[in-house]
Amino acid sequence: MAAYRVGIIACGSIARLHARGWQAAPDVEIAALADTNADALKDFGESFGVPPEHRYSDLREMLAKEQLDIVSVGSWHAQHAEMVVAAAAARPKLILCEKPMAANLQQADQMLIACRRNNVKLAIGHQRRFYSGWIAARDLIREGAIGKPTRLWSVVLDGLLNWGTHTIDCMRFLLDEPKTEWVMGNVERKTDRYERAIRIEDKCAGIIGFEGGIQAVVENDMTPKGSINCFVVGTEGMLDVDENQVRLFNAETHGWRTLDNPHNDPFVDQAKGLVDWLEGRVDDYRGTGDKARAVVEVMMAIFESARCHEVVQMPLQTRLSPLDLMVEAGQLPVERPGKYDIRSFLVRGEGMSWT
Amino acid sequence: MSDKLRVGVIGCGGMARNHVRGYLNCGRYEIVALADLNEDSMCGYDAEFAVQTKHYADAREMLAKESLDVVSVGVWHGGHATWTIAAAAAKPKAILCEKPMADTVQHAEQMLIACRRNNVKLAIGHQRRFLPAYTMAKDLIAEGAIGEVQLMQSFGAQGLPNYCSHQTDMFRYILSDDECVWTMGNVERKTDRWERETRIEDCAIAVYQFKCGARAIIFAEVTPMVYQGAQVFGTEGMIDFNTEELRLLNKSTGGEWKAFRPDGRFFKVEEQGRRFEWVEGGAAQADELADWVEGKVETHRNNGENGFKALEMLHAVYESARCHEKVIMPLQTRLNPLDLMIDSGHLAPQRPGRYDIRAFLLRGERLWSDASPDGN
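This is how it looks when you write it as structure tokens:
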């Protein structure tokens with residue numbers, strides 16, 4: 019019998035990636051599944067060899083019966099808090115919850131509180147922190163390869179909470195978790211756009227003031243192009259950070275030098291990293307809930323800046339999503355009515371939403 | 005009679021002083037008349053520049069009597085349209101109006117119309133286009149010295165129309181007058197802050213995209229950093245320049261910063277120090293205006309159309325804040341969107357009490373306006 023029994027809550031496409039990681043990690047077995055959709059449960063169980071008696075329609079029943087060491091939460095954002103809090107109450111050793119951590123800061127804090135009071139390690143699925151290119155870029159910045167970093171720039175698509183969480187997390191990873199001092203930005207939302215049942219903006223641009231005079235620019239859906247990567251400028255060079263590839267420009271490279279790093283599966287490395295954390299081989303896991311909360315705070319602060327027309331000085335005090343507050347207060351009326359969800363295609367059967 | 009261009013000045017304050025210094029330094033103008041509500045201002049000009057001028061309390065009288073070749077408009081922003089349009093009606097050869105072009109896009113558009121229908125050449129005083137470091141940046145970018153421009157940034161202060169008008173103009177200039185395609189930005193205005201009788205924000209940010217794909221970011225009072233100039237990041241290198249110096253980092257510099265201090269056509273950086281940008285910018289701006297009037301060049305780099313676009317880019321930031329949107333250029337809203345936001349109660353000051361950061365420029369008991377109560 020494996021040392022770590024994993025239970026998976028919400029057996030969708032992201033949970034499959036978690037499961038692939040758990041399969042590759044040492045001494046871990048996927049022991050139980052929970053999902054309200056019978057088809058999803060059956061398909062997932064068959065794919066990953068979980069027998070019918072360990073498949074549950076009620077996640078709390080699974081948590082009560084299965085003596086899990088690890089819980090993976092793969093639901094849509096709005097359910098992250100509820101499910102993580104429920105899982106934490108069952109006191110597994112560790113919970114891995116998919117990104118974005120939560121749909122607002124209040125929920126993120128509830129997840130942290132629940133895990134702290136039950137002595138559960140909480141990780142958020144910012145698995146890109148394991149990409150070899152990101153690690154190489156962080157090390158180059160640490161070594162001073164581009165002097166002092168001053169400017170970061172990312173251009174993403176499909177909602178700030180969706181891709182933006184990774185890119186802001188990337189910035190924070192590359193800079194070794196800097197303190198965020200202020201945030202200013204704006205949003206456009208003329209259509210009634212949702213992503214995984216959460217209201218999202220049509221377009222968004224934000225500027226993040228990190229400590230040390232570093233400013234980062236994040237654009238979402240401003241143009242048809244985007245990628246979850248980062249361009250970093252320093253006082254002595256530039257760095258173009260991709261998943262496995264890093265391009266460096268400084269006094270020693272004679273133009274751009276491409277540094278290819280080994281191709282790796284970040285979901286596998288994430289699962290292995292979590293086992294290392296469980297076994298005490300790392301003290302500070304790179305994708306903790308605390309680090310993800312800092313990302314939620316930045317995203318919400320961009321919305322808050324739009325809502326209040328201000329430079330938002332951190333820490334952010336508003337616990338609800340300022341985008342929701344704006345829409346509900348009539349400050350940001352939909353000009354082209356008709357709600358739609360850009361992830362509706364993930365839903366099974368006749369549904370258009372999981373939540 | 006002298007073959008020099010006859011200049012009359014409307015509004016003899018701090019900025020027109022730089023126009024006059026430029027006219028005299030380039031040697032192709034004579035200052036013949038001044039119009040101002042304050043006689044002391046005009047006497048001060050005569051003494052400072054050792055010129056003998058006719059003084060008018062009524063600028064329209066000056067325009068009617070003096071057969072001017074060139075009119076300088078140096079009043080505060082709110083008066084730019086009034087006096088440029090009045091000057092245009094008198095059909096001088098050219099008008100040099102101080103930046104920002106106007107207080108609204110509507111007024112700026114009217115200035116263009118008035119000058120066009122009277123066949124008057126209009127230039128706006130974005131004199132930094134004449135700084136050799138700025139022109140060197142433009143030329144390096146045009147030559148492809150840093151590949152394709154990806155991102156540019158500048159740090160402003162004291163109101164977008166005031167300081168950042170130079171920066172929107174600068175971004176267009178160094179991209180060889182490429183056009184802005186869209187703007188997204190935001191403002192904070194918790195105090196009732198004005199600059200030269202124009203409402204301004206407490207702080208702002210702006211993101212612009214140009215046709216060539218380049219982005220520009222303006223940070224206005226969100227960080228302690230403030231200067232005129234820019235950092236430009238391209239696919240093949242970086243340029244970092246201010247009003248006196250340019251640094252280049254690309255393959256040809258071995259990936260290291262190489263500094264340049266190019267001299268102007270009239271003055272040297274070393275001799276002038278911090279005054280360089282004012283004296284060189286003023287003289288070269290005036291010189292090119294004379295060339296334009298005399299048909300030696302087809303246009304002036306600070307022509308009214310370029311001044312208009314610099315203003316339009318600023319008001320697009322306000323419009324983005326007002327409407328919560330990515331503003332697609334050209335800007336359709338003709339009034340000042342910041343005024344609209346405040347007047348509608350959307351952006352009420354949280355700390356009441358109007359103040360003007362340029363109130364110290366006024367004379368006597370004036371604290372709000374450089375105009376007379378009837379608007380003249």
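From first to last, the protein sequence lines stand for chains A and B. Just so we're aligned: the first sequence equals residues 19 to 373 in the numbering used here. Just so we're aligned: the second sequence equals residues 5 to 380 in the numbering used here. A virtual CB, placed ideally from N, CA and C, is assigned to each residue, including glycine. From a predicted model like this one, the values you see are computed outputs, not experimental measurements.
query	result
Under 7 Å between C-beta atoms of Lys215(B) and Val185(B)	yes
Rounded Cβ spacing between Pro167(A) and Ile232(A) (contact assumed at less than 8 Å)	6 Å
Cutoff 7 Å: His328(B) Cβ touching any chain A Cβ	yes
Proximity of Leu277(A) and Val293(A) at Cβ, strictly below 7 Å	no
7 Å Cβ cutoff, Ser76(B) in contact with chain A	no
Exposure label - Asp347(B); buried when at least 16 CB within 10 Å	exposed
N-terminal and C-terminal residue of the alpha helix (DSSP H) that Gln349(A) is part of	It is not in any alpha helix (DSSP H) - Gln349(A) carries neither H nor E in the DSSP assignment.
Beta strand (DSSP E) segment containing Trp372(A), residue limits	Counting along the chain, Trp372(A) falls outside any beta strand (DSSP E), and DSSP gives it neither H nor E.
Val300(A) burial status per 10 Å Cβ neighbour count (16 or more: buried)	exposed
Endpoints, alpha helix (DSSP H) assigned at Phe270(B)	Looking at the DSSP string, Phe270(B) is not in any alpha helix (DSSP H), and its letter there is neither H nor E.
Chain-order list of residues whose beta-carbon lies under 7 Å from that of Ala163(A) (same chain, five-residue window excluded)	Gly255, Leu266 and Asn268
Opposing strand residues paired with Leu179(A) [DSSP bridges]	BP columns for Leu179(A) are empty, so no partner.
Min CB distance Ile32(A) to chain B below 7 Å	no
Whether Val314(A) touches Met119(A) by CB criterion (7 Å)	yes
Exposure of Ile14(B), with buried meaning 16 or more beta-carbon neighbours within 10 Å	buried
Euclidean distance between Cα positions of Ser180(B) and Gln131(B)	16 Å
Val79(B) versus Arg355(B), Lys330(B), Val11(B) and Ala106(B), residue with shortest Cα-Cα distance	Ala106(B)
DSSP state of Ala50(A) mapped onto helix, strand, coil	strand
Proximal chain A residues relative to Thr172(B), where beta-carbon distance stays under 7 Å	Going along chain A, no residue has its Cβ under 7 Å from Thr172(B), so there is no contact; the nearest lies around 17 Å.
Reduced DSSP category for Trp186(B) - H, G, I as helix; E, B as strand; rest coil	strand
Chain A residues whose Cβ lies nearer than 9 Å to that of Ala141(B)	The premise fails here: Ala141(B) is roughly 16 Å from chain A at the closest Cβ pair, so nothing lies under 9 Å.
Three CB pairs or more closer than 8 Å across the segment 280 to 290 of chain B and the segment 149 to 163 of chain B	no
Asp196(B) vs Pro353(B) beta-carbon contact at 7 Å	yes
Local conformation of His95(A) per DSSP, three classes	helix
Cβ neighbour criterion (16 or more within 10 Å) applied to Trp94(A)	buried
Nearest candidate by alpha-carbon position, reference Thr373(A), set Ala108(A), Ile216(A) and Asp87(A)	Ile216(A)
Other residues of its chain near Gln145(A): CB distance less than 6 Å, five sequence neighbours each side excluded	Pro284, Phe285 and Gln288
Chain B within 7 Å of Met202(A), Cβ atoms only	yes
Alpha helix (DSSP H) segments (min. 4 residues) lying fully within the segment 273 to 314 of chain B	273 to 276 and 280 to 297
Any chain B beta carbon closer than 7 Å to Gly273(A)	yes
Proximity of Ala234(A) and Leu170(A) at Cβ, strictly below 7 Å	yes
Lys111(A): contacting residues in chain B (beta-carbon distance under 8 Å)	Per Cβ cutoff of 8 Å: no residues; Lys111(A) is ~43 Å from chain B at best.
Cross-chain neighbours of Gln7(A) in chain B, by beta carbon under 9 Å	Outside the modelled stretch of chain A, which goes from 19 to 373, sits residue 7(A), for which no answer is possible.
Amino acids of chain A, ordered along the chain, whose beta-carbon sits closer than 7 Å to that of Ala325(B)	Asn204 and His327
For Val59(B): DSSP bridge partner residues	This sequence places His at residue 59(B); Val is not what is there. Per DSSP, Leu38(B).
Contained beta strand (DSSP E) runs [length at least 3] in the segment 253 to 314 of chain A, N- to C-terminal order	255 to 259, 263 to 267 and 275 to 278
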